[in-house]
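Residue numbers (the numbering used here), protein chains in the order written: chain H, 999 to 1379; chain A, 9 to 591; chain D, -13 to 361. All C-beta atoms, glycine included, are put in the ideal place defined by N, C-alpha and C. One structure is given below, encoded as structure tokens.
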Amino acid sequence: MNRMEENRTAATLRRLRALIRKEGRQMLRDPSTILMGVFLPVLMLLLFGYGLSLDVRDVPVAIVVESPSPEADNLASGFTLSPYFAPVFVRNMAEAEEMMLARRADCIVHLAGDFGRNAAQGSAQVQILTRGTDANRARLIQVYAQGAVAMWNLRRIDRGLSAAAGPVVIENRLFYNDANDSHYFLVPGLVVIIMTLTGAFLTSMVVAREWERGTFEALFVTPVTSWEILIGKAVPYFCLGMVGFALCVGAAEVLFSVPLRGSLLLLTFGSMIYMLVALGMGLVISAVTRSQFLASQFALLTSFLPATLLSGFLFDLRSMPAAVEMLTHIIPARYYVSFVKTVFLTGNVACVVLESLGILAAMATLLLYLAQAKTRKSLEK
Amino acid sequence: MEETRPVETAVLAKDLAKSFPLGKQGRVQALGGVSLAIARGTLTALVGPDGAGKTTFLRLVTGLLAPEDGTLEVLGLPMPAGAAEIQRRIGYMPQKFGLYEDLSVQENLDLYADLHGVTGEMRKARYEKLLHMTALAPFTGRLAGRLSGGMKQKLGLACTLVRSPELLVLDEPTVGVDPLSRRELWEIVTDLVRDEGLTVLVSTSYLDEAEKCGSVVILREGRIVASGAPETIRALATGSSFVMVPPSGKAARSLQSVLLDRADLCDAVPEGGLVRCVASSKEAAESLVGSGAKPVPPRLEDGFMSVLHADTVRAAPQGLRMEKPFDTAERGEVIAVRGLVRRFGDFTAVDHVDFSVRRGEVFGLLGPNGAGKTTTFRMLCGLLPASGGHLEVAGMNLRSARADARKKLGYVAQKFSLYGDLTVMENLTFFARAYGLNGARRQGRIDWALASFELSPWAGTAAGQLPGGFRQRLAMAAALLHEPEILFLDEPTSGADPLARREFWKRITALSEEGVTIVVTTHFMEEAEYCDHIVIQDAGKILARGTPAEVRALAHQEKGRAATMEDAFIAIVAEGRAGKGAR
Amino acid sequence: MSALFESIRRVAALVKKELILVFKDPRMLRSLLVPPVIQCLVFGYAASFDLNNIPYALRDADNSAPSRELAAAFDGTGIFHRVATVENPAELATLLDEGKILLFIEIGPDFEKSLAAGRPAKVRIATDGRNSNTAATALSYANEIVRSFNEKKNAASGIAQPSAAAVPRVWYNPNLETRWTMVPSLIATLTLLQTLLLASMSVAREREFGTFDQLLVTPLRPAEIMLGKCIPSILIGFVQATLILLVAQLWFGIPFEGTLPPLYLGLFIFLLAGVGMGLFVSSVAVTMQQAMLYSFVLLMPFMLLSGLTTPIENMPDFIRHLTWLNPLRHAIEITRRVYLDGAGIGTLLPEYGALALIALVTLTASSWFFRRKLY
């Protein structure tokens, strides 16, 4: 009896090995898979790492000093010294507005002719004009410009030139991201995009491909079970996804020196669970649609788009209307992003880790079970 | 493991029924109560026209579909409950065997060997035998996608046979396979039955293949209409089979076409320059004898055709009339090919080919899989540029006057290649407009097409929903809208049943009588008999050319006995290859 | 002349066929019109850098009337939600770590005293910087509250004003809503996504189903086939763009400042460039799957480097110059400026020019490849 069990296990393992090897070979031989699984992650890493940033630096600002005065010069120098601004000085508002229209300036700081006199009396106004076409950038420019004015006020108080700087002053400290660098969250967050693309988008097509090419019909009439078929499909893409994961983490650490405050082991473990969720989604979509075109459309809409927009990777969940925020609770990427950001930038915070991984594990189980239920060895619809 | 009780019947079906949903309303009955017993150790052929339910039956046997009504036992196990167990024990080669095209021959074999748990010495011995049988040994490293059609089928069979299954199920294993590979494939199967006592269930549309089987089951519209040993089926046509000599100066196909129109004949088909026909009754037989026909012993196909006589009557198409027939008296050269070469990298697919086709001729291009037929064909239609040589179609150089030359030719691809989502009418309208037909002339041609190909009832149906035979009619109709001088057909009868083939060739005969020049490729050697001239091509070179009689004669001298076209073909190709090897 | 006429007729036949294929199949039609609208809605609602809900914790060490007033000012915004009031500063770490709060506001013990003495009274704010952008935004809101608190205090107490007060004003998007930025950009982005896929897939489909050969044996010339594929894609692109424009105006209520001609002129040149790329992809891809994947891989950098989510201005110089090659960048520029600034054709000439050049290059390249692949 024992021997028979052993034989059966050996046969299962042999079949699994054969299926994994077959799927792996097919994966490696298809240029489009490699393009998607390796080239695209590297490209995105480089773009996100070196190209894209939400941080405002060197904003071209037109500073209008209508009549020079020590006070005005002093305030303007605050802009010159700031890393956030690259000021251009002009004499009148018309000129500055022209620069704004021509997109040569993103902000106007207007010091009226009576600025010097008013400042001495403590009743001067600085007009800060920003272009709201890019709302987020405009807001940040505004914050930094106001900050520059506030700094100038403080300097005057220190030198006893001004009575008060407004009674309440904010002293700010940024936790977890001392460098105030958007790469700190963009690069680790990219893991979710890359793993979703490999797990759900690429995988969604591989089962459908076998239906379309008719390769399943022959495969079904062999001793393989549907579990074996699914595992055979999942393992190579699981590995490809983990390669993407390793690329991201490596790049984050080595190229972009994002701190990893939690444990690498935990990060890897959690990512494996998410990879299973992504694979589960891909396999379910594939098994249900049985068509590559439909599967890819479906996978884009249900996995990639939510992973980009509704996961909190790029856009904060707190920005969303309540109804949309509710919707994000069923999106696996949301939990994974929260897990990745915490482990990267905060550390092994038990309650976040346990909650995210618990939910992800439940989702993985459900999806893989569904995938198996939908992949029957039968041609019946 | 529990002892599996030896069962004498491998497959036992009782009132087996299965239907599929069709469109939004209704279902189509694929099988309507089939009762059948297949004994172990036998070779059984399943034959019948398109849509008879052959594939459905095989899929039920393999457990890929579940029976709707009735019972089915396979190897003593009830289906579909025993499906998992059955799938472990049988071998199945689907119609389109799903080879992994991006894996090599060896990797495909390894996959199936691993899946079936064939290991160690057993595996080694098996590989050796299979590779020898299929002659695939030199190609183990080649990607399956790069194999020719015949080699793919053989590899599919090898993958199915990595271990001896208790029951081997083959669904049209030889569609699109040339006679050479076909013969080899069948030798493998018959050897297995003889040496290993395998039970084989095979569906086929080649009646000469069914003739090699122990028993034959004829299905029609989901029901068994006849079954028994080939002799039994053949006997149905005893005393009804005749051959007739066509009047001198007339092609055998013209006589055949006339005979097919006779309601009292079950079949007529050109054979070795004569026309074989099958009478449906004593009176018909007497009248045939009266008109000079000689009785011959019946073939299986004759029996098959008598069983399906009802369908032959229905399927007989109207002749095709062109608005202005081309002048057949003027037998000028319409296609001139001289020194045609096509290379793909280092590989020369077409190697200095010359031939010419005269107006109104039916010209056949034959050759084994991978011989360069398709490449030649694509160059003739202007789908592929030649690497060298001279090519003139309808008096025009395809390179300099492509658009004008195209107005004079029509093309029917091997695979159905009209828009499946458009209706019959929309497809016809689109192609008419693409060919520059406008106004009343367009309407006239479309009406002609609908009438001549009996497509009117289907005008509003999406082309993809048409039954196989009608799709082919539509493809031909679309290719003839602009009244081309030359019609190209690439393997038009591949996978078609004998009834559909008769119907198709009848139309071709009618067209050629209207002066349309026809260029056709085919794997059915008996179909070469419909041609006025044929060339046989292998490895890019032309090995033989001439009228069917002339080509047959080439083999005749070799073998010293009355050769069929297929014998001649195999002899010529084998000789060509041997000669090449010697060099 | 009649040759030209015939050629136009053939192209018209092809265009008609493509349109029939799209419009007769409800699934196809749905798949062309529904995803852009869904994507537009999801982007419009989700793709926002504005914060609606800032959970924060307060430690009020002073517990005086002015400190409670300041706290009330935060609570009164409707955006700041106090989730905890703590005594011990050590609790800060746990709250931030677990992501329960975005801000920790600490009012020092001498708050009231400092105010009375006319010394700056310090409020310490600790921000969760895991998302530096969210942090900066939250901080800007806090700044704004403190600023208005100060103003009120000063006015009430008659204390001298600070030397200068910053008076912010914003052009084109007075409330600084990300949605105003995002949704007009989608007119270009989603249209590109769909046309690129449509153009590349429609050729790949013909190849895969073998209908392409059937087209090639008709008198249709390669250039005519290309035209026949371009025109329907561009027409459908226009329909999709209009649909998104309507959603932006009618659903999101974002006021359209510009006029239609500069917008549609820009879209037309842009669609030409996009269709050119689609046909290019189709001449490289063998199967529909490859066409899909290649289009997708091509789209990603186009989208990332377009200024859709991260501003072009924040990119390093080298990459910023590279974005000149990106048609989507120019198209987004055009849609945003026409939509929000009301820009006219005259001011957008550089963008039109750049797009036209890109379109010329993609169309020439794709027609060369197309021809080469055909014959």
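Item, Value
"Is the CB-CB distance between A:Val416 and A:Glu493 below 8 Å?", "Looking at the sequence shown, residue 416 of chain A is not Val but Lys. Yes."
"If we ignore side chains and look at the alpha-carbon of each, how far apart do A:Asp546 and A:Thr182 end up?", "19 Å"
"Touching or not, the stretch 102 to 109 of chain A and the stretch 1216 to 1224 of chain H, by the rule of three or more beta carbon pairs under 8 Å?", "yes"
"Rounding to the nearest angstrom, what Cα-Cα distance links H:Ile1061 and H:Arg1153 in this structure?", "20 Å"
"Note down, in chain order, every chain A residue with its Cβ under 7 Å from the Cβ of D:Pro218.", "Within chain A, no residue comes near D:Pro218; the closest Cβ sits about 13 Å away, beyond 7 Å."
"If you measure beta-carbon to beta-carbon, which residues of the stretch -1 to 16 of chain D are closer than 9 Å to chain A?", "Ala(-1), Leu0, Lys2, Lys3, Ile6, Leu7, Lys10, Asp11, Met14"
"Compile a chain-ordered list of the residues in the stretch 20 to 44 of chain D whose CB is closer than 8 Å to at least one CB of chain H.", "Pro21, Ile24, Gln25, Val28, Phe29, Tyr31, Ala32, Ala33, Ser34, Phe35, Asp36, Leu37, Asn38, Asn39, Ile40, Pro41"
"Take A:Ser395 as the anchor and find which of A:Asp455, A:Glu583, A:Glu574, A:Val361 has the nearest alpha-carbon.", "A:Val361"
"Would a check of beta-carbon distances place A:Arg134 closer than 8 Å to chain H?", "no"
"Using a Cβ-Cβ cutoff of less than 8 Å, which residues in the same chain neighbour A:Ala45 once the five nearest sequence positions on both sides are dropped?", "Thr17, Val19, Leu20, Ala21"
"By Cβ distance below 7 Å, which residues in the same chain neighbour A:Val286 in space, the five residues on each side in sequence not counted?", "Ala245, Ser248, Ser249, Leu273, Cys274, Asp275, Asp310, Met313, Ser314"
"Beta-carbon of D:Leu206 versus every beta-carbon of chain A: anything under 8 Å?", "yes"
"Among H:Tyr1182, H:Leu1298, H:Ile1155, which has the Cα closest to the Cα of H:Leu1253?", "H:Tyr1182"
"Confirm, please, whether the CB-CB distance from D:Val283 to H:Leu1033 is below 8 Å.", "yes"
"Cα-Cα, which of D:Leu290, D:Lys215, D:Ser100 is closest to D:Phe356?", "D:Lys215"
"Taking a cut of 8 Å between CB atoms, which residues from the stretch 411 to 426 of chain A lie near chain D?", "Ala411, Asp412, Arg414, Lys415, Leu417, Gly418, Tyr419, Ala421, Lys423, Phe424, Ser425, Leu426"
"By Cβ distance, which residues of its chain are closer than 6 Å to A:Val233, with the 5 residues on each side in sequence left out?", "Ile226, Val315"
"Verify whether the separation of the beta carbon atoms of A:Pro75 and A:Leu68 is less than 8 Å.", "yes"
"Consult DSSP for H:Ala1305 and reduce its assignment to one of helix, strand or coil.", "helix"
"Check the DSSP bridge columns for D:Thr204 and list the partner residues they point to.", "Per DSSP, none; premise fails for D:Thr204."
"Report yes or no: is there a C-beta of chain A within less than 8 Å of the C-beta of D:Thr197?", "yes"
"Going along the stretch 90 to 103 of chain A in order, which residues come within less than 8 Å of chain H, judged by CB to CB distance?", "Ala91, Ala92, Gln95, Arg96, Ile98, Gly99, Tyr100, Met101, Pro102"
"Go ahead and label H:Leu1364 buried or exposed: buried means 16 or more other beta carbons lie within 10 angstroms of its beta carbon, across all protein chains shown.", "exposed"
"Roughly how many angstroms lie between the CA atoms of H:Asp1056 and H:Ala1074, to the nearest whole one?", "15 Å"
"Taking the straight line between their C-alpha atoms, what separation do you get for D:Leu314 and D:Ala59?", "43 Å"
"Short of 8 Å in beta carbon distance, which residues of its chain neighbour A:Ala357, apart from the five on each side in sequence? Order them along the chain.", "Arg350, Arg351, Gly380, Thr383, Gly548"
"Determine the burial state of A:Glu535: buried for a count of at least 16 other Cβ atoms within 10 Å of its Cβ, exposed for fewer.", "buried"
"Return helix, strand or coil for H:Cys1349, following the three-state DSSP convention.", "helix"
"Is A:Arg134 near A:Val177, with beta carbons less than 8 Å apart?", "no"
"Can you grab the Cα-Cα spacing for the pair D:Leu206 / A:Ala53, in whole Å?", "46 Å"
"Could you work out which residues of chain D lie near H:Pro972, taking near to mean beta carbons separated by less than 8 Å?", "In the structure as shown, chain H starts at 999 and stops at 1379, and residue 972 of chain H therefore has no counterpart that could be examined."
"Between A:Phe577 and the rest of its own chain, which residues show a CB-CB distance below 7 Å, the 5 nearest in sequence each way excluded?", "Pro187, Leu374, Met533, Ile544"
"In whole angstroms, give me the CA-to-CA distance for A:Leu80 and A:Met87.", "6 Å"
"Could you tell me the alpha carbon to alpha carbon distance between A:Val251 and D:Met187, rounded to whole angstroms?", "54 Å"
"Tell me where the beta strand (DSSP E) around D:His67 begins and ends.", "66 to 71"
"Contact criterion: CB-CB distance below 8 Å. Does A:Leu463 meet it with respect to chain D?", "no"
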